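Residue numbers (this note's numbering), protein chains in the order written: chain A, 46 to 254; chain B, 95 to 355.
Even glycine gets a Cβ: it sits at the ideal position worked out from N, Cα and C.
Quick caveat: nothing in here was measured; it's all calculated off a predicted structure.
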């Protein structure tokens with residue numbers, strides 16, 4: 046069973062619908078105890094960094110997630126704000142600690158050319174590392190749907206597995222061990238997005254990275 | 095590279111045949127109404143044609159003092175995996191929460207934002223500005239002068255369009271949706287001047303709409319108007335235009351756009 050973490054923020058319905066479309070058994074979980082028998086986890090999110098980590102803490106998700114993801118190595122996928130909150134620190138509405146799973150900071154998109162507006166909203170092409178099985182089955186230059194004002198800046202370049210161009214490179218996906226996360230919304234990216242979700246539900250991080 | 099977007103608009107009104115059911119419509123100058131059919135079937139056609147986003151608007155919600163009906167949005171979200179914006183009758187932060195948890199990715203607000211400017215600020219603090227779309231319906235007064243109309247184009251607020259867009263951005267909107275009431279359903283082309291004025295003033299993305307009747311009109315909206323997205327109801331609804339050909343023409347004009355889904 047794939048468990049979607051419901052901490053009161055985000056369009057969970059779309060994530061659930063999209064995972065079901067590719068054949069997954071899915072449950073939306075609003076209590077940390079419900080996560081214990083998860084085979085995979087999905088951390089979605091829409092909103093601000095501070096509220097996101099605040100809600101996760103308040104509902105008691107943080108220690109459970111640390112145990113499942115860092116201890117038991119359950120595969121997890123973060124989406125949009127769910128990716129950002131995996132960073133050490135965020136700077137939206139003031140400096141704030143995140144889950145700290147990636148040595149990274151979340152900062153506002155800085156664009157110089159005024160045609161690159163913030164938020165970035167729309168379909169952008171990603172460049173991805175094709176040795177990552179989560180990108181199996183995609184064409185060479187696929188478009189995905191982005192909607193965000195902040196971006197993840199990783200200290201470890203190796204952990205960045207996809208980027209898009211938005212007046213400079215923007216982190217589009219990060220990856221380490223059993224953790225995979227995208228800035229774009231696979232559940233909103235039509236066929237290519239569904240392909241990534243299909244890859245995720247078959248992903249065995251310790252057999253075929 | 096970030097692509098420009100083509101956005102079919104699904105306007106809904108209470109059916110004149112079946113009580114309590116919403117039907118897809120097109121309008122002319124926000125007034126004359128033509129019933130088209132089932133909004134979700136139409137949405138699926140748009141999905142197959144690689145539309146970049148969809149906007150659902152319940153035109154009767156504000157007048158009837160209720161929030162937009164989410165039945166169609168929920169149905170669409172079960173089968174369509176693309177961004178969905180929903181509007182109509184949105185008045186409170188709770189309305190935002192309700193729509194976002196029923197399949198909407200972004201919410202448009204129009205009349206209520208004019209009455210209560212705190213709404214944009216509160217909603218963007220709570221859910222992020224990226225899901226707060228300020229919808230502005232306007233009429234041209236004279237060259238260079240455009241006024242904002244509220245309540246589905248029935249009340250003149252005498253506010254300047256560009257000023258309101260700028261204030262909307264400052265208050266927390268993450269995107270502007272412009273609709274020309276004069277050109278709605280006219281197929282006479284986008285109001286380039288007003289689009290350009292707003293695009294050059296704000297720093298958030300601008301969707302322009304009202305008047306698309308030819309593929310050329312989309313090209314003009316992007317090239318001359320500078321819009322990030324062009325939205326159309328009438329153009330796509332009658333199915334006598336081919337959106338894929340329209341995309342190819344836009345691409346041929348040198349505008350970055352998605353050709354396949």
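- Residue pairing of residue 50 of chain A in beta bridges, as defined by DSSP: A:74.
- Counting along the chain, residue 60 of chain A sits inside the alpha helix (DSSP H) bounded by residues 57-66.
- Membership of residue 259 of chain B in the alpha helix (DSSP H) is indicated by the continuous run 255-265.
- Residue range 121-124 is occupied by the beta strand (DSSP E) that includes residue 124 of chain A.
- Residues of the segment 207-227 of chain B with a C-beta less than 8 Å from any C-beta of chain A: 219, 220, 221, 222, 223, 224, 225, listed in chain order.
- Pairwise C-beta distances place the segment 49-61 of chain A in contact with the segment 71-86 of chain A, as three or more of them are shorter than 8 Å.
- For residue 165 of chain A, the uninterrupted beta strand (DSSP E) segment begins and ends at 165-173.
- Minimum Cα-Cα distance from residue 77 of chain A among the listed residues A:123, A:88, A:189, A:152 corresponds to A:88.
- One thing to note: residue 122 of chain A has its Cβ no nearer than 8 Å to the Cβ of residue 197 of chain A.
- Between residue 239 of chain B and residue 256 of chain B, the alpha-carbon positions lie close to 10 Å from each other.
- For residue 216 of chain A, no CB of chain B lies under 8 Å from its own CB, so it is not counted at the interface with that chain.
- When Cβ-Cβ separations below 8 Å define contact, residue 165 of chain B makes no contact with chain A.
- Within the DSSP bridge table, the entry for residue 189 of chain A names A:169 as partners.
- Pairing residue 276 of chain B with residue 49 of chain A, the inter-Cα distance amounts to about 46 Å.
- 141: these are the residues of the segment 111-141 of chain B whose beta carbon lies less than 9 Å from some beta carbon of chain A, given in chain order.
- For residue 209 of chain B, the three-state secondary structure derived from DSSP is helix.
- Contact of residue 176 of chain B with chain A by beta-carbon distance below 8 Å involves 190, 233, 234, 235.
- For residue 297 of chain B, the CB contacts under 8 Å within the same chain, skipping 5 residues up- and downstream, are 263 in chain order.
- Residue 98 of chain B and residue 316 of chain B have their C-alpha atoms spaced approximately 8 Å apart.
- Secondary-structure assignment with DSSP links residue 150 of chain B through a beta bridge to B:104, B:180.
- Around the beta carbon of residue 233 of chain B, 16 or more other beta carbons sit within 10 angstroms, so the residue counts as buried.
- Spatial neighbours of residue 201 of chain A in its own chain (CB-CB distance under 7 Å, excluding positions within 5 residues in sequence) are listed in chain order as 148.
- Close partners of residue 197 of chain A in chain B (Cβ separation under 8 Å) are lacking, with about 15 Å as the shortest Cβ gap.
- If the five residues before and after residue 314 of chain B are omitted, its C-beta is found closer than 7 Å to the C-beta atoms of 283, 284, 286, all from its own chain and listed in chain order.
- For residue 191 of chain B, the uninterrupted alpha helix (DSSP H) segment begins and ends at 187-194.
- Spatial neighbours of residue 194 of chain A in its own chain (CB-CB distance under 7 Å, excluding positions within 5 residues in sequence) are listed in chain order as 153, 154, 163, 164.
- Looking from the CA of residue 182 of chain A, the closest CA among A:244, A:136, A:223, A:101 belongs to A:244.
- Note: residue 236 of chain B is bridge-paired with B:239 in the DSSP secondary-structure output.
- The beta carbon of residue 140 of chain A sits no closer than 8 Å to any beta carbon of chain B.
- Residue 165 of chain A has a beta carbon lying within less than 8 Å of a beta carbon in chain B.
- Assigned with DSSP and collapsed to three states, residue 129 of chain A falls in helix.
- If you look at residue 242 of chain A, you'll find it in the alpha helix (DSSP H) that goes 235-247.
- If you look at residue 306 of chain B, you'll find it isn't in any beta strand (DSSP E); DSSP assigns it neither H nor E.
- Pairing residue 300 of chain B with residue 223 of chain B, the inter-Cα distance amounts to about 14 Å.
- Chain A places no beta carbon closer than 8 Å to that of residue 338 of chain B, leaving this residue out of the contacts.
- DSSP places residue 315 of chain B within a helical segment (H, G or I) once states are collapsed to three.
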